[in-house]
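Using the working numbering, read the sequence shown as starting at -8 and increasing by one per residue. Step one of this worksheet: look at the structure below.
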Amino acid sequence: MFNINNEIQKSKLYYDISDINRFNTDNFKNNIITNYLKSIESDILGINGHKNNSYIRTTILPIVIIFMIISIIILSIILLYSNEANC
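This is the structure we're talking about:
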């Protein structure tokens, strides 16, 4: 237990927080608030859909799905009827 206390007291975070005259509480509060708001913003954008995500969902995704279906059909025809094509 004594070693843990020494390690905590030697750490930079403890040194920064222990000296209250040097510790910038405004910057600390601003960082916490902005990080919290960023996480809330990302959650909201994930629920509502961001503009870039909506573009991907409305244009690129259907094109990729159609391309994949066509390629699966072509590959299945080639693999299933390869013996008949060689005749």
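Here a beta-carbon is modelled for each residue, glycine too, at the ideal position from N, C-alpha and C.
Any non-hydrogen atom of the ligand GTP closer than 6 angstroms to residue i Cβ
i     : result
Asn74 : The ligand content of the structure shown is nil, which means the ligand GTP is not present either.
Distance between residue j and residue i (C-alpha atoms, nearest Å)
i     : j     : result
Tyr72 : Ile65 : 11 angstroms
Ile51 : Phe58 : 11 angstroms
Ile69 : Ser62 : 10 angstroms
Ile56 : Asn74 : 29 angstroms
Ile60 : Thr49 : 17 angstroms
Ile54 : Ser67 : 20 angstroms
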